[in-house]
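Keeping their order, the protein sequence lines are chains A and B.
For what it's worth, the working numbering labels the leading residue of the first sequence as 22, then goes sequentially.
For what it's worth, the working numbering labels the leading residue of the second sequence as 4, then goes sequentially.
Even glycine gets a Cβ: it sits at the ideal position worked out from N, Cα and C.
Just so it is clear, the structure is predicted and the values come from calculations on it, not from any experiment.
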Amino acid sequence: MSVAQHRLEGMAEGAKRAAGWASKPVRQAASAARPRVFGGGEDDGSATMLHIDMDAFFASVELLEHPELVGKAVIIGHAGGRGVVTSATYEARRFGVHSAMPVARALQLCPHAVVLPGHMEKYKRFSGEVMRIFRSVTPLVEPLSIDEAFLDVAGAKRLLGLPSTIGALVRAQVEAETGLTCSVGAASTKFIAKMASGRAKPDGMLVIPAAETLAFLHPLPISALWGVGASTAESLSRLGIKTVGELAATPLDTLIRRVGEASGAKLHALASGLDPRSVVTERVEKSIGHEITFEFDVADEQKIRLELLRLSDQVAVRLRRAGLAGKTVALKLRFTDFSTITRSRTLAEPTDLAQTISDASRELFAALGPVDQRVRLIGVRVENLVTAGDTVHQPSLWDDESAPPSGWRDAEATADLIAAKFGRTLLKRASLVQPGPRDRPAATPQPPTP
Amino acid sequence: MKFQANRDVFSEAVSFAVKLLPQRTTLPILSGVLIEASGDGLTLSSFDYEVSSQTQITADVEEPGRVLVSGRLLSDIANRLPNAPVRFYTEDHHIIVTAGSAKFTLLNMPVEEYPSLPVVNEQSGLLKAEDFSTAIAQVAVAASRDDVTPVITGVQLEISNNSLSLVATDRYRVAVRTIEWDSGTSSIDTATALVPAKTLQEIGKTFGNSGTISVAITNTDERELIAFKADRKTVTSLLIKGNFPPVKRLFPETVDNYAVINTADLIEATRRVSLVLEREAALRFTFTIDGVTLEAIGSEQAQASESIDALLTGTDTVVSLKPQFLLDGLGAVHSEYVRISFTKTDNPNKPGPVLITSQSSKDQAGSDDYKYLLQPNLLLR
């Protein structure tokens with residue numbers, strides 16, 4: 022074992038004691054590997070922004086219960102009808118399978134893949150576990166989604182050592198406690214860190230010292246930059262700009278004329294390795310919504326009304342959990358021909374009650390009049406959010422039917438308490454209890470809009 | 004079609020005709036103003052199936068005819084025309100408007116597709132324009148502006164015997180004013196009509212100086228509408244369907260506990276102190292024998308307080324009011340002094356409403372019967 026490895030292991034042990042971790046045996050393999058440092062030098066401590074991304078998260082979680090499938094092509098998704106791939110093992114990705122691809126298409130590419138159904142509850146549990154490990158290293162954790170986060174370890178350096186040491190520590194701890202692997206990108210800014218983790222995958226770590234940022238960045242194609250989609254890339258390539266380095270060398274004026282003021286300035290900054298964003302531990306949510314794509318397009322209005330109630334319930338639960346209330350209720354409908362409409366209504370007072378949200382969304386639906394197409398997707402979203410206790414409640418002179426009787430507040434609050442103890446599946450609205458097996462996919466929570 | 008009209012008369016008529024048109028109409032032709040020229044002058048009309056406006060003016064008509072032209076555009080043009088007679092004629096498929104050396108060519112919209120305006124010939128009664136206009140301004144301020152409950156976006160007009168009362172509410176306050184109603188030759192002595200507050204406010208502004216307004220409430224083809232006529236101008240509006248909440252019963256019979264304050268002083272102080280308040284927050288008013296103290300609290304960054312004279316009858320009282328709601332009431336009493344009365348309640352979660360009425364002097368209650376009832380907030384400490 023080299024001197025560097027000795028030091029690394031020693032720091033890890035010290036850190037675990039400092040953080041009060043349970044002394045579970047740590048698998049040596051992952052943590053003992055020498056970190057890859059871009060440019061071939063040593064980790065100089067300048068790459069304090071970590072981007073940690075779980076490797077094939079959903080698939081890896083499922084494989085914990087299917088050890089016989091380890092090393093095989095496995096796809097997580099709903100096998101029938103409109104199912105899409107939510108995750109796939111690297112063995113399946115090698116065949117071109119990726120997330121959001123229809124399962125049917127994935128099976129054409131990789132016919133021998135095993136398709137397993139997803140279990141969102143399980144992923145959430147593992148995600149919570151992983152985020153807890155991240156937060157034991159530093160409080161400056163910004164979860165980006167269920168399976169990735171930014172960690173600012175500038176302050177944790179003194180206690181836990183170099184960023185690469187901390188990265189190795191987290192990787193080892195995640196594997197020891199969950200059996201899952203993750204990849205770490207360490208850099209001086211967020212977006213370089215995210216690019217680095219992508220290049221460290223799977224089960225690896227890549228450190229990009231601040232001094233190496235431009236050397237790492239400039240040879241990359243411009244499409245690797247955040248905010249460069251197909252059309253921007255096309256527009257820039259007509260100027261002869263193909264790599265990030267060429268973009269950085271282009272005068273800002275030229276760029277602004279080509280792609281506009283805001284994105285020109287932003288691209289120029291990114292291409293020069295500048296990204297001033299810091300870790301935001303709590304994002305301020307602007308809206309909360311749920312939507313569902315039906316397995317088969319729906320014409321039955323009663324079914325849509327029921328679905329609106331169910332979605333409203335889910336939205337209200339999330340609002341209450343976040344301590345928020347919203348003043349605007351928006352309804353989204355996508356029809357068979359993929360045309361999409363949204364309608365919204367602003368309420369007299371912010372609400373976090375499913376009954377009120379459901380009433381508003383059903384009224385919006387009714388106001389559409391007769392719908393001559395089948396409905397493919399339906400969504401309910403609450404916008405104009407305020408912190409629930411923050412608004413001064415202006416009592417009204419009289420109670421009218423537009424305000425739900427206070428009994429609903431008690432009922433929904435009680436349902437929250439029961440759910441906290443026994444889970445959400447136990448207690449349901451009578452109208453949402455289904456005879457027989459479930460015939461529809463679960464609604465997917467929409468990410469809060471930043 | 005070909006006519007010549009006085010510039011100011013024409014411009015005023017066009018402005019009136021387009022004033023009640025919504026910013027966006029459901030059908031493009033509804034954004035037009037219909038101009039009909041005949042032997043005795045011009046008729047200008049607009050109609051969006053909810054509200055119609057129509058006016059007659061005199062003009063030298065050389066060639067009668069009927070055209071439809073973009074209302075807002077014509078109104079903008081008419082307001083800017085130089086001070087010279089307006090000449091208006093059709094040429095091929097266009098409309099030409101000239102005044103002095105200015106010349107405009109406008110699109111002739113398809114007049115055949117324009118709907119016919121509701122015709123109201125009956126009369127339910129007469130109103131004094133000035134009183135009606137003042138009453139609308141005093142009451143409509145309390146009407147709801149959100150569309151959650153359409154019935155309260157209207158002003159309820161209630162006719163009984165020889166009076167007309169106007170009522171509006173947004174759940175948090177109720178404003179009521181009663182004025183004289185002359186049923187004239189009609190046999191109508193009780194009727195109600197729920198008129199959109201926005202439309203009624205425009206009507207109040209338009210007819211404010213018209214002397215006497217003729218009012219008709221009719222029901223034809225299941226469409227209930229109200230018509231106002233004065234000065235060769237007619238406005239009709241569909242009524243809002245539904246039952247207006249019986250808010251008049253919320254007003255207390257008598258109140259023993261009240262304060263009398265100089266209206267302007269209270270308005271000034273309220274505006275000043277609420278500068279530090281966060282949006283939607285309430286002001287705290289403490290009434291004692293020494294006067295009233297206004298305090299803005301609740302925001303950590305800034306606080307403010309001010310005391311002004313008040314003549315208190317009854318016990319010391321503390322209320323928490325939204326400044327804008329109070330200011331709306333104070334601005335509507337139209338009197339030098341104002342009486343703020345405190346009602347009692349048994350409900351611990353809802354303070355008793357506050358009643359605002361006019362006061363012609365420190366000791367003398369106002370002669371009008373304007374009443375503004377306001378629901379205070381819960382006291383937070």
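Comparing alpha carbon positions, the residue from B:N86, B:Q141, B:E283 closest to S168 (chain B) is B:Q141. P356 (chain B) has a beta carbon lying within less than 8 Å of a beta carbon in chain A. Shown here for P123 (chain A): same chain residues with a beta carbon closer than 6 Å to its own, the five before and five after excluded, namely V105 in chain order. For G188 (chain A), the uninterrupted alpha helix (DSSP H) segment begins and ends at 184-199. In chain order, M4, L37, I38, E39, A40, V114 place their CB closer than 8 Å to the CB of R69 (chain B), counting only its own chain and leaving out the 5 sequence neighbours on each side. For the stretch 274-287 of chain B, residues whose beta-carbon sits nearer than 7 Å to a beta-carbon of chain A comprise E283, A284, A285.
Per the DSSP secondary-structure output, D318 (chain A) pairs with nothing in a beta bridge. Shortest Cα-Cα distance from P379 (chain B) to any of B:V276, B:S363, B:P326 involves B:P326.
Only residues of its own chain outside the window of five on either side were considered, and among them R57, S204, V205, G206, L227 have a CB closer than 8 Å to the CB of A221 (chain A), listed in chain order. Here the C-alpha atom of L190 (chain A) lies approximately 18 Å from the C-alpha atom of A217 (chain A).
Residue-level contact by beta carbon holds for T367 (chain A) and chain B, with a gap shorter than 8 Å. Distance from the Cα of V144 (chain B) is smallest, within the candidate group B:T156, B:L130, B:F91, for B:T156.
Taking a cut-off of 8 Å for Cβ pairs, the stretch 188-206 of chain B and the stretch 260-269 of chain B do not touch, as fewer than three such pairs fall below it. Taking 8 Å as the threshold, the shortest C-beta distance from P248 (chain B) to chain A falls below it. With contacts defined as CB atoms closer than 8 Å, K232 (chain B) and I216 (chain B) qualify as a contacting pair. According to the DSSP assignment, V205 (chain A) belongs to the beta strand (DSSP E) that extends over 203-208.
In this structure, L228 (chain B) sits away from T237 (chain B), with a CB-CB distance that is not shorter than 8 Å. Of all residues in the stretch 170-191 of chain B, those with a C-beta nearer than 9 Å to a C-beta of chain A are T172, D173, R174, Y175, R176, V177, reading in chain order. When DSSP reads this structure, G281 (chain A) sits in no beta bridge, so it has no partner. In this structure, DSSP gives D331 (chain B) a helical state, which the three-state scheme calls helix. Counting C-beta pairs closer than 8 Å gives fewer than three between the stretch 328-339 of chain A and the stretch 267-285 of chain A, which falls short of the contact rule. For the stretch 320-334 of chain B, the set of residues with a beta-carbon nearer than 9 Å to any beta-carbon of chain A comprises S323, K325, F328, in chain order. Burial is judged here by how many other beta carbons sit within 10 angstroms of a residue's own beta carbon; P356 (chain B) has at least 16 and is buried. Contact of L418 (chain A) with chain B by beta-carbon distance below 8 Å involves T172, R174, Y175, R176, V177, V250, L253, P356, L376, Q378. Burial check for H87 (chain A): the Cβ neighbour count within 10 Å stays below 16, so the residue is exposed. In this structure, I80 (chain B) keeps its C-beta atom at 8 Å or more from the C-beta atom of G128 (chain B). Beta-bridge partners of K353 (chain A) (DSSP): A:T363, A:G400. The C-alpha of S120 (chain A) lies about 7 Å from the C-alpha of A109 (chain A). A262 (chain B) carries a strand assignment under DSSP once its states are collapsed to helix, strand and coil. Close partners of K201 (chain B) in chain A (Cβ separation under 7 Å) are lacking, with about 17 Å as the shortest Cβ gap. When 7 Å is used as the limit between beta carbons, K353 (chain B) is near these residues of chain A: P416, in chain order.
Sequence-ordered contacts of the stretch 141-161 of chain B with chain A read S147, D149, D150, V151, T152, I155 [C-beta pairs closer than 9 Å]. Look at I262 (chain A) here: in three-state DSSP terms it is coil, with no helix or strand label. Look at the stretch 165-205 of chain B and you find these whole runs of beta strand (DSSP E), each 3 residues long or longer: 166-172, 176-183, 193-199. Within the same chain, F59, G60 come within 7 Å of E233 (chain A) by CB-CB distance, once the 5 residues on both sides are set aside. In this structure, B:I300 is the residue among B:I300, B:S48, B:E339, B:K208 with its C-alpha nearest to the C-alpha of L382 (chain B).
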